[in-house]
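Going by the UniProt record's numbering, the residue at position 393 of the sequence shown is 393; the numbering climbs one at a time, nothing skipped.
Here a beta-carbon is modelled for each residue, glycine too, at the ideal position from N, C-alpha and C.
Only one structure is covered here, and it is reproduced in the block below.
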Amino acid sequence: MKMLKEAHSGLSVDVPSGIHKEDDRPAWDNKVQYLLTCIGFAVGLGNVWRFPYLCQTYGGGAFLIPYFIALLLLGIPLFHIELAIGQRLRKGSIGVWYAISPYLGGVGISSMLVSFFVGLYYNTILAWVLWYFFHSFQDPLPWKSCPVNDNQTEYISECIKSTPVNYFWYRKTLNISSDIMDIGSLHWGMVLCLATAWAVVYICVIRGIESSGKAVYITATFPYLVLTIFLIRGLTLPGAAEGLIYLFSPDLNVLKNPRVWLDAATQIFFSLSLAFGGLIAFSSYNPPKNDCEKDAVTVAIINSLTSLYASIPIFSILGFKAITAYWDCLDRNIVSITNEFDLMDQNITRDTYNTWHQELKYQHPERTSGLKLKECKLQEFLDQSASGTGLAFILFTEAILRMPGSQVWAVLFFIMLFSLGLSSMFGNVEGVFTPLLELHVLPKAVPKEVLSGLICLVSFTIALIFTMTSGNYWLEVFDNYAGSLTLLVVAFFELVGVIYIYGIKRFSDDVKWMTGRYPNLYWQATWKVFSPVMILVIFLAYIVVQTQKKPNYETWNPDFVNFPMKEKKRYPNWVLTICALLVVIPCIFIPGVALYHFVRRLRDKRSRCKAEPYVNSIYCNSETSS
Numbered sequence: 001m002k003m004l005k006e007a008h009s010g011l012s013v014d015v016p017s018g019i020h021k022e023d024d025r026p027a028w029d030n031k032v033q034y035l036l037t038c039i040g041f042a043v044g045l046g047n048v049w050r051f052p053y054l055c056q057t058y059g060g061g062a063f064l065i066p067y068f069i070a071l072l073l074l075g076i077p078l079f080h081i082e083l084a085i086g087q088r089l090r091k092g093s094i095g096v097w098y099a100i101s102p103y104l105g106g107v108g109i110s111s112m113l114v115s116f117f118v119g120l121y122y123n124t125i126l127a128w129v130l131w132y133f134f135h136s137f138q139d140p141l142p143w144k145s146c147p148v149n150d151n152q153t154e155y156i157s158e159c160i161k162s163t164p165v166n167y168f169w170y171r172k173t174l175n176i177s178s179d180i181m182d183i184g185s186l187h188w189g190m191v192l193c194l195a196t197a198w199a200v201v202y203i204c205v206i207r208g209i210e211s212s213g214k215a216v217y218i219t220a221t222f223p224y225l226v227l228t229i230f231l232i233r234g235l236t237l238p239g240a241a242e243g244l245i246y247l248f249s250p251d252l253n254v255l256k257n258p259r260v261w262l263d264a265a266t267q268i269f270f271s272l273s274l275a276f277g278g279l280i281a282f283s284s285y286n287p288p289k290n291d292c293e294k295d296a297v298t299v300a301i302i303n304s305l306t307s308l309y310a311s312i313p314i315f316s317i318l319g320f321k322a323i324t325a326y327w328d329c330l331d332r333n334i335v336s337i338t339n340e341f342d343l344m345d346q347n348i349t350r351d352t353y354n355t356w357h358q359e360l361k362y363q364h365p366e367r368t369s370g371l372k373l374k375e376c377k378l379q380e381f382l383d384q385s386a387s388g389t390g391l392a393f394i395l396f397t398e399a400i401l402r403m404p405g406s407q408v409w410a411v412l413f414f415i416m417l418f419s420l421g422l423s424s425m426f427g428n429v430e431g432v433f434t435p436l437l438e439l440h441v442l443p444k445a446v447p448k449e450v451l452s453g454l455i456c457l458v459s460f461t462i463a464l465i466f467t468m469t470s471g472n473y474w475l476e477v478f479d480n481y482a483g484s485l486t487l488l489v490v491a492f493f494e495l496v497g498v499i500y501i502y503g504i505k506r507f508s509d510d511v512k513w514m515t516g517r518y519p520n521l522y523w524q525a526t527w528k529v530f531s532p533v534m535i536l537v538i539f540l541a542y543i544v545v546q547t548q549k550k551p552n553y554e555t556w557n558p559d560f561v562n563f564p565m566k567e568k569k570r571y572p573n574w575v576l577t578i579c580a581l582l583v584v585i586p587c588i589f590i591p592g593v594a595l596y597h598f599v600r601r602l603r604d605k606r607s608r609c610k611a612e613p614y615v616n617s618i619y620c621n622s623e624t625s626s
């Protein structure tokens with residue numbers, strides 16, 4: 001720590017403490033543009049398909065308790081630090097940490113690599129969204145019914161054994177293999193969608209914030225318009241009340257489960273896009289005396305409220321899907337009973353079905369059991385929820401099929417998902433773009449358009465692996481390992497770097513200079529104690545949870561004896577090695593860069609001592625003793 005502070009003390013600064021003026025540095029057109037960009041980066045696909053799932057899984061409204069505790073003790077404080085330090089030092093995620101101490105330079109490189117890795121698979125999800133968007137103009141929707149075989153004589157058996165929605169996702173969209181080792185060939189339709197997704201990203205980020213700042217007016221606001229449309233429509237559907245009751249019914253007993261607190265903290269951490277470097281880069285383009293404290297609180301609260309807001313239409317429509325599936329189940333049973341017992345004149349309804357069923361079971365038990373009636377329970381249909389791609393591309397698309405004008409709702413839904421993902425991609429690309437400028441990996445004469453183009457082209461080329469038949473399995477590998485532990489490590493060193501190396505007093509003075517207010521006790525306590533402790537607890541808990549379960553993955557295998565259930569398989573050792581590398585490679589730069597500067601510092605001092613041993617005798621002796 002002493003050595004880090006010594007390295008920091010050599011930083012030349014202007015009044016007051018650390019402003020580095022750059023006349024040619026871009027700037028936001030206005031405050032609204034900056035806030036929309038931060039909101040668009042923070043509010044992403046996870047707000048729509050992971051937060052509602054966690055609420056449903058962990059006791060509905062009870063999940064909000066650990067969620068908001070994590071928001072107050074971890075999310076908002078770290079968000080404030082990233083916005084403040086980027087604005088104060090006016091540098092990106094690498095320049096900031098080098099300015100504080102060269103030994104911390106690896107923190108910025110780590111966050112840059114994580115942004116790059118996450119951007120690879122995140123934009124592949126947008127390619128999937130485009131694939132569904134293009135197919136949403138067909139009438140009927142292509143996932144409504146099973147296709148026939150090449151002989152046009154019968155339906156494809158894989159579709160019959162599963163469902164049309166599952167078949168379109170796993171076979172038509174992913175063309176998925178039954179094993180991660182079966183790499184397969186490229187899905188050329190998906191390659192075209194991936195190229196389109198990266199082309200759109202490139203057009204929007206071609207000149208950094210100068211271009212993405214314009215696009216964000218649409219990408220950050222349009223999802224709220226679509227969510228409002230879905231909210232109005234969803235609340236008018238039958239079953240909406242059941243869906244919302246199911247979502248928010250509190251079960252306080254789940255708070256005894258430590259996994260609830262772990263998932264709540266990680267959801268806050270990742271939904272705010274902390275430690276990616278994008279927020280630091282965005283804030284570095286602000287005026288020096290912008291109120292970063294107010295911005296941090298505003299964006300963090302909007303992000304969390306968006307998660308709640310998105311949950312209402314999502315589960316209203318899933319409740320509609322559940323109630324209609326429940327009614328279909330009852331109707332099939334009513335038809336079977338009516339035909340078997342010749343009750344055409346009795347007019348059995350859904351409301352009277354249970355009474356008729358119980359009476360017939362009592363009077364004719366053998367005939368009733370021979371019908372093999374399905375047990376219809378609304379709770380079971382409500383339980384058929386999922387997160388991630390399962391929610392977006394399976395459950396929600398199936399629910400849309402049951403809505404009048406399903407093509408319109410499908411188009412709106414996938415435009416909303418694309419807008420959400422696109423605005424988040426701006427932050428991922430910025431988290432790579434700005435650090436590369438600071439590293440000077442290319443000559444200064446290279447235009448920004450070329451650098452952003454190279455980032456998108458290299459990313460597209462590597463992401464082709466996700467368009468192969470095993471691509472979905474590799475995307476899950478990247479999702480589980482590329483942006484998990486590394487972000488926790490980066491965030492911890494961000495806190496240590498700002499609060500304990502840059503110095504909390506100096507940082508607080510900087511915040512006062514920028515905002516006109518000295519950070520109160522809440523900020524001081526969370527920065528110094530609660531936030532770093534929570535990160536350590538999350539890190540250790542994550543390690544414990546991961547080591548307790550064997551790494552495996554679920555495959556879509558039509559030859560599996562229990563198909564359409566997914567077959568669980570263990571990752572091969574070489575895949576586990578890649579999983580470990582996705583975590584280790586970004587993290588290793590943190591100690592690696594520190595070691596490099598330590599060795600370089602010793603070498604430089606020894607060289608000066610040899611060159612001028614008498615002039616620097618005191619200096620050399622102190623260095624030797626240290």
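If you measure from the CB of residue i, is any heavy atom of the ligand COA nearer than 7 Å?
| i | result |
| --- | --- |
| residue 320 | The ligand COA is not part of this structure, which contains no ligands at all. |
Who are the Cβ neighbours of residue i in its own chain at under 6 Å, not counting the five residues just before and after it?
| i | result |
| --- | --- |
| residue 532 | 495 |
| residue 183 | 468 and 470 |
| residue 262 | 541 |
| residue 527 | 77 and 499 |
| residue 33 | 213 |
| residue 360 | 368 |
Among residues of its own chain, excluding the 5 on either side of residue i, which ones have a beta-carbon nearer than 7 Å to its beta-carbon?
| i | result |
| --- | --- |
| residue 309 | 227 |
| residue 280 | 82, 85, 86, 92, 93 and 96 |
| residue 306 | 43 and 47 |
| residue 177 | 184, 469 and 470 |
| residue 210 | 26 |
Drop a sphere of 10 angstroms on the beta-carbon of residue i, count the other beta-carbons inside from all chains shown, and report buried for 16 or more, exposed for fewer.
| i | result |
| --- | --- |
| residue 447 | exposed |
| residue 151 | exposed |
| residue 357 | buried |
| residue 128 | buried |
| residue 654 | Residue 654 lies beyond the residue range present for the chain, which begins at 1 and ends at 626; the question has no answer from this structure. |
| residue 362 | exposed |
| residue 565 | exposed |
| residue 594 | buried |
| residue 88 | buried |
| residue 427 | buried |
| residue 604 | exposed |
| residue 646 | Nothing can be reported for residue 646: it is not among the residues displayed for the chain, which extend from 1 to 626. |
| residue 597 | buried |
| residue 581 | exposed |
| residue 70 | buried |
| residue 258 | exposed |
Using the three-state DSSP reduction, which class does residue i fall into: helix, strand or coil?
| i | result |
| --- | --- |
| residue 123 | helix |
| residue 186 | strand |
| residue 350 | coil |
| residue 606 | helix |
| residue 569 | strand |
| residue 562 | coil |
| residue 375 | coil |
| residue 58 | coil |
| residue 553 | strand |
| residue 446 | coil |
| residue 636 | What is shown of the chain runs 1 to 626, which leaves residue 636 out entirely. |
| residue 473 | helix |
| residue 468 | strand |
| residue 155 | strand |
| residue 441 | coil |
| residue 511 | helix |
Who are the near neighbours of residue i in its chain, counting only those whose CB is closer than 8 Å to its CB and skipping five residues on each side?
| i | result |
| --- | --- |
| residue 561 | none |
Which whole-angstrom value is the C-beta distance of residue i and residue j, which I expect to be below 8 Å?
| i | j | result |
| --- | --- | --- |
| residue 508 | residue 518 | 6 Å |
| residue 652 | residue 491 | In the structure as shown, the chain begins at 1 and stops at 626. Residue 652 is therefore absent and cannot be evaluated. |
| residue 114 | residue 487 | 6 Å |
| residue 322 | residue 381 | 4 Å |
Notebook entry, point to check: Are there three or more Cβ pairs, one per stretch, closer than 8 Å when the region 294-303 is compared with the region 74-85?
Noted result: yes
Margin query: Check whether the region 214-224 and the region 417-429 touch, using three or more Cβ-Cβ pairs below 8 Å as the test.
Written below: yes
Note to self: Under 8 Å, with one C-beta from each stretch per pair, do the region 52-64 and the region 399-410 reach the 3-pair mark?
What the structure shows: no
Item checked: Inter-stretch contact (C-beta, 8 Å, three-pair minimum) for the region 245-262 and the region 303-323 -> yes
Notebook entry, point to check: Would the region 101-117 and the region 423-437 be scored as touching if the rule is three or more Cβ pairs under 8 Å?
Noted result: yes
Check: Counting Cβ pairs closer than 8 Å, one from the region 135-153 and one from the region 161-168, do we hit at least three?
Finding: yes
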